[in-house]
Structure formats: C-alpha cells, structure tokens
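K.L.:
Have a look at this one before I ask anything.
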Amino acid sequence: MADVKNFDYAVTNLLCTEGTKSLCFDDDDLVNGQSYKINDDEGLSFGNGGSDSEPLINFPCLSEDNFCLMLEREKGFLPKDDYLERLRTGDLNLSARREALDWISKAHAHYSFGALCLCLSMNYFDRFLSAHDLPQGKPWVVQLLAVSCLSLAAKMEETEVPLTVDLQVGEPKFMFQSKTIQRMELFVLSTLKWKMQAYTPCNFIDYFLQKIKNDEFPPRHLINRSIQVILSTIKGIDFLEFRPSEIAAAVAMSVSIPATDMNKALPGLMGVDTEKVIKCLKLIQHLTTIKGITLNGVPQSPNGVLEAACLGYKSDGRTGESCPNSSHSSPNTKRRKLDKTISLQDNLKS
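Per the UniProt record's numbering, the sequence shown starts with residue 1, numbered consecutively.
Written as structure tokens, this is what we have:
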C-alpha cells in the first residue's frame, strides 16, 4: 500500500493513560494459559474500520515526487546501523528473533492479515531489539514483545482488528492479560518514538514494477508474486543489510525480467544504490532456488513462505543457516549486552 503521507500523528489518538516511565512487568502478568476478554480492549486503536482484511495489497500509482519523498523518509524507520552485525556475531540472540517471527507468522496467517501487517510487525520488532537488549531470565518477554508488535501493526494496517488477548493464537508458550499487552505496546511506541508508519518493500514494489514495465500498471499476479518473494526475505537476516526500496527494486527485477536482461533494467532504477540492488538480487535469486520458493510457484501462505526461506546467506556469498540459536557470545559481547540491558530491566522489573 503505497502512501507518502506521514501518518505518525495518527498514533497520538491512542487512549494513553500511562507514561512509559511507569512501565513495569513481572511474572504475575502471565495468564497461565487462560485468555481474558476485557471490554475496553480497543483502548489502543489505529485504523478506521471497514471491510474484511485482504491477504495481499492493492497499490495506487506513485508519482516521482512521492517516490523521492519516500526514499528520504525510509531512513528514519530502520533498525540501528549495528543491528545486523550484532545478530551475526551473537551479541544479540538470533533465536529470539526467530521465535518471534515464527509466532507472528502463525498469528498473521490465522487472521489472514495483509502482507504489510507482517512486514510492519517485524520492522517494529527489529527496531525495538536494536535499541534494547531483552532481559535474561525472562523468556516470556520475547513473546510479549511479539504480541505487542503484531497488535500495533494490525492497528496501523488492518481494517478489522481482534482484541489483543485474542491475538494470542498458535499455541504460544505464554499468555498475557490485555493490560499487560497494552503497557508493552506503550513501551514499544515510546522506544520507536511513535514513528509507526514505517516504509517496507511493499510500499515501493508497485513503483519499480511500473518502471520495469515501462510505466504499464503491473498485473495482479505479478504483484502477488512480488509480495510472496518479499515475505520470503523476512526470515533471512542478511536482507536487513538493505533498505526497503533496495529490496523492492531487486524483487521487481527478479519476478519480471529474464536473467539475461537484468543489466538493461538497472539504469531505470533511479534513486537507489544499484550495487546494493544487484547484491540483494543475487540473494533473492539464490533464495528462489530453495524448495518451495520459486517465482512460478510460490507458497501461498505466509507461514509456508517463511519456513521455506529459513536458509540464509553469509556476507561472503556462501549459503548458510540464517536461523541458528546464537547462544554463543564472547565475554566482551556479554558485557556489552549486560550494560545495554539495564535500561530495559528498569521497565521490566520483577
């Protein structure tokens, strides 16, 4: 859904009664497997209501001015610069990201949310994790953060949003009360500085498809294939190296241009780093050779796409597992993690 207006002001309409400094969580916030339905659960709400959510996205045309504006703004919705390196080295626990994505993809598929909702959920999660290390000894914090990120994304993007307690599907390890989820949502909002209308590859894909097709509006099946490839890039952490616009450009090329004609399309990709696009394209081309991820027969469920995309890519070009349990850390790495966790511990006190 291409949109260049800054909708960040919309989140100020949230019915917030708590400041982030008062956030504090303990093990009593867990629900021990039971869900609670609370009448005022819609207290945090974005959307404007309407028809049922669609699994994919309808795209309006982007003008050149709007496209340039989006390119400039996308920089403000990215994780911190060292985030990918910290995931690769084990400074951040990669298994926590995988655990969150696995659950988010199941809940996303359960409610047939749109592709942009899934992209936004992980954008929020990655940005938060790049700013705060999760406290050790509280395994439920990962699940709470995942639920909160999906809830916020659904409120931003979906026209019909379930109660927050009802989002907890897919046999999660932990269950939380509505008030606990809302307090975590406020913490996420504060950490992300209320910048929730993030740009994802979904926002740019129609523009690049049109450019490659000589301004011809892309057919629906080409958009659908593009969205499925975009979803397949979420699980491989090496795609975090690229901006959303670069991923979208690479995806558009991968689904609409024969490999022999790739170089001809590059001059038309104005505004993006073509070297980064080529590098991203090579990763996508390798990804599409994995069983279940082919441009002519992409799995139709987001969960299926993500499972097939688990194989990642190393920075030196070799294939490798992108979803390991990164439990190994050097003493210096652990010391950095301990220092950076203190601020989050203040908000997640037991």
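A virtual CB, placed ideally from N, CA and C, is assigned to each residue, including glycine.
How far does the alpha helix (DSSP H) with residue 203 in it extend, from its first residue to its last?
P.N.:
As a first step, residue 203 is located in the sequence shown; it is residue number 203 there, counting from the start. Counting along the chain, the alpha helix (DSSP H) containing residue 203 begins and ends at 201-212.
K.L.:
Can you give me the Cβ contacts of residue 117 inside the same chain, cut-off strictly under 7 Å, excluding the 5 residues immediately before and after it?
P.N.:
For this step, residue 117 is matched to residue 117 along the sequence shown. Counting only Cβ-Cβ distances below 7 Å, and skipping sequence neighbours, we find 108, 153, 154, 157, 158.
K.L.:
Can you name, in chain order, every residue of its own chain whose Cβ lies under 7 Å from the Cβ of residue 226, other than the five neighbours on each side?
P.N.:
Along the sequence shown, one-based indexing puts residue 226 at 226. So the list reads 205, 209, 251, 252, 255, once near-sequence residues are dropped.
K.L.:
May I have the straight-line CA-CA distance separating residue 86 from residue 194, to the nearest angstrom?
P.N.:
Here residue 86 refers to the residue found at position 86 when the sequence shown is read from its first residue. Here residue 194 refers to the residue found at position 194 when the sequence shown is read from its first residue. Taking the straight line joining both Cα atoms gives about 24 Å.
K.L.:
Quick one: residues in its chain with C-beta nearer than 8 Å to the C-beta of residue 170, no 5 flanking neighbours on either side, listed in chain order?
P.N.:
Position 170 of the sequence shown, counting from 1, holds the residue named residue 170. Taken in chain order, the residues that qualify are 103, 106, 107, 110.
K.L.:
By the DSSP assignment, the alpha helix (DSSP H) with residue 148 in it spans what residues?
P.N.:
Counting from one through the sequence shown, the residue named residue 148 turns up at place 148. It spans 140-157 - the alpha helix (DSSP H) in which residue 148 sits, taken as one unbroken run.
K.L.:
Skipping 5 residues on each side, what residues in its chain have a beta carbon closer than 7 Å to that of residue 83?
P.N.:
Here residue 83 corresponds to residue number 83 of the sequence shown, with the count starting at 1. Within the same chain, residue 83 has close Cβ partners 126, 130, 240.
K.L.:
State the DSSP-derived secondary structure class of residue 176, mapped to helix, strand or coil.
P.N.:
Here residue 176 is taken as the residue at index 176 of the sequence shown, counted from 1. Strand, per DSSP.
K.L.:
Could you tell me whether the Cβ atoms of residue 145 and residue 163 are closer together than 9 Å?
P.N.:
Here residue 145 refers to the residue found at position 145 of the sequence shown. Here residue 163 refers to the residue found at position 163 of the sequence shown. Cβ atoms of residue 145 and residue 163: not closer than 9 Å.
K.L.:
Measure the C-alpha to C-alpha separation of residue 55 and residue 124 and round it to an integer number of angstroms.
P.N.:
The residue you call residue 55 lines up with position 55 of the sequence shown. The residue you call residue 124 lines up with position 124 of the sequence shown. Note that residue 55 scores a pLDDT of 39, beneath 50, so its modelled location is shaky; the value from the coordinates is reported in the next line. Each residue's Cα considered, the two are about 20 Å apart.
K.L.:
Indicate the three-state DSSP secondary structure (helix, strand or coil) for residue 83 in the structure shown.
P.N.:
Your numbering for residue 83 matches position 83 in the sequence shown. Residue state, collapsed to three classes: helix.
K.L.:
What does the Cβ neighbour count give for residue 200, buried or exposed, with the cut at 16 atoms within 10 Å?
P.N.:
Position 200 of the sequence shown, counted from the start, is the residue given in the question as residue 200. Its Cβ being crowded by 16 or more others within 10 Å, residue 200 is buried.
K.L.:
Quick check: what's the CA-CA separation for residue 160 versus residue 112?
P.N.:
Counting from one through the sequence shown, the residue named residue 160 turns up at place 160. Counting from one through the sequence shown, the residue named residue 112 turns up at place 112. Whole-angstrom Cα-Cα distance: 11 Å.
K.L.:
Taking buried to mean at least 16 other C-beta atoms within 10 Å of its own C-beta, is residue 197 buried or exposed?
P.N.:
Counting from one through the sequence shown, the residue named residue 197 turns up at place 197. Label assigned to residue 197: buried.
K.L.:
Mark residue 75 as exposed unless 16 or more other C-beta atoms lie within 10 angstroms of its C-beta, in which case mark it buried.
P.N.:
By one-based count along the sequence shown, residue 75 stands at place 75. By the 10 Å Cβ count, residue 75 comes out exposed.
K.L.:
Give the secondary structure of residue 288 by DSSP, where H, G and I count as helix, E and B as strand, and everything else as coil.
P.N.:
Residue numbering aside, residue 288 sits at position 288 when the sequence shown is read from its first letter. In this structure, residue 288 counts as coil in the three-state DSSP scheme.
K.L.:
How is residue 63 classed by DSSP in three states: helix, strand or coil?
P.N.:
Looking up residue 63 in the sequence shown gives position 63. Here residue 63 sits in coil by DSSP.
K.L.:
Below 8 Å on the Cβ atoms is my guess for residue 213 versus residue 246; work out the distance and round it to an integer in Å.
P.N.:
Within the sequence shown, numbered from 1, the residue matching residue 213 stands at position 213. Within the sequence shown, numbered from 1, the residue matching residue 246 stands at position 246. About 19 Å; that fails the 8 Å criterion.
K.L.:
Out of 269, 258, 234, which one is the CA nearest neighbour of residue 202?
P.N.:
Residue mapping note: residue 202 aligns to position 202 of the sequence shown, counting from 1. Comparing Cα positions, the closest option is 234.
K.L.:
Taking DSSP as the reference, what is the three-state secondary structure of residue 191?
P.N.:
On the sequence shown, position 191 is the one that residue 191 refers to. Correct three-state label for residue 191: helix.
K.L.:
Determine the direct distance from the alpha carbon of residue 177 to that of residue 353, and round the result to whole angstroms.
P.N.:
The displayed coordinates of the chain run from 1 to 350. Any statement about residue 353 would go beyond what the structure contains.
K.L.:
So, is residue 151 buried or exposed, given that buried needs 16 or more other C-beta atoms within 10 angstroms?
P.N.:
In the sequence shown, residue 151 corresponds to position 151, counting from 1. By the 10 Å Cβ count, residue 151 comes out buried.
K.L.:
What does the alpha-carbon distance come out to for the pair residue 139 and residue 93?
P.N.:
Translated into positions along the sequence shown, residue 139 becomes position 139. Translated into positions along the sequence shown, residue 93 becomes position 93. Roughly 12 Å between the two C-alpha positions.
K.L.:
Beta-carbon within less than 7 Å of residue 272's beta-carbon, same chain only, minus the 5 sequence neighbours each way: which residues are those?
P.N.:
Locating residue 272 in the sequence shown gives position 272, counting from the first residue. Correct list, in chain order: 245, 246, 249.
K.L.:
Can you give me the C-alpha to C-alpha distance between residue 62 and residue 148, rounded to a whole angstrom?
P.N.:
As a first step, residue 62 must be located in the sequence shown, where it is residue number 62. As a first step, residue 148 must be located in the sequence shown, where it is residue number 148. Between residue 62 and residue 148, the C-alpha separation is close to 31 Å.
K.L.:
Excluding five sequence neighbours on each side, which residues of the same chain lie with their C-beta closer than 8 Å to the C-beta of residue 172?
P.N.:
For the purposes of this step, residue 172 is taken as the residue at position 172 of the sequence shown. Hits under 8 Å: 103, 143, 147.
K.L.:
Leaving out the 5 sequence neighbours to the left and right, which residues in its chain are closer than 6 Å to residue 100 when beta-carbon positions are compared?
P.N.:
On the sequence shown, residue 100 is found 100 positions in, with the first residue counted as 1. Closer than 6 Å at Cβ, skipping near neighbours: 125, 142, 146.
K.L.:
Could you tell me the alpha carbon to alpha carbon distance between residue 72 and residue 283, rounded to whole angstroms?
P.N.:
As a first step, residue 72 must be located in the sequence shown, where it is residue number 72. As a first step, residue 283 must be located in the sequence shown, where it is residue number 283. Roughly 25 Å separates the two Cα atoms.
K.L.:
Would you mind stating whether residue 211 and residue 287 have Cβ atoms separated by less than 9 Å?
P.N.:
Translated into the one-based positions of the sequence shown, residue 211 becomes position 211. Translated into the one-based positions of the sequence shown, residue 287 becomes position 287. It is not a contact, given that the beta carbons lie outside the stated cut-off.
K.L.:
With the cut-off set at 9 Å, would you say residue 78 and residue 220 are in Cβ contact?
P.N.:
Taking the first residue of the sequence shown as 1, we reach residue 78 at position 78. Taking the first residue of the sequence shown as 1, we reach residue 220 at position 220. In this structure, residue 220 does not lie closer than 9 Å to residue 78 by Cβ.
K.L.:
In its own chain, which residues sit with a C-beta less than 8 Å from the C-beta of residue 168, not counting the 5 before and 5 after it?
P.N.:
Sequence index remark: in the sequence shown, residue 168 carries index 168 (1-based). So the list reads 35, 107, 147, 175, 176, once near-sequence residues are dropped.
K.L.:
By how many angstroms is the C-alpha of residue 207 removed from the C-alpha of residue 222?
P.N.:
Taking the sequence shown and counting its residues from 1, one reaches residue 222 at position 222. Taking the sequence shown and counting its residues from 1, one reaches residue 207 at position 207. Approximately 13 Å between the Cα atoms of the pair.
K.L.:
If we ignore side chains and look at the alpha-carbon of each, how far apart do residue 132 and residue 191 end up?
P.N.:
For this step, residue 132 is matched to residue 132 along the sequence shown. For this step, residue 191 is matched to residue 191 along the sequence shown. So the two alpha carbons sit approximately 9 Å from each other.
K.L.:
Which residue from 281, 128, 231 puts its Cα closest to that of residue 80?
P.N.:
Within the sequence shown, residue 80 is the residue found at index 80, counting from 1. Measuring from the Cα of residue 80, the nearest candidate turns out to be 128.
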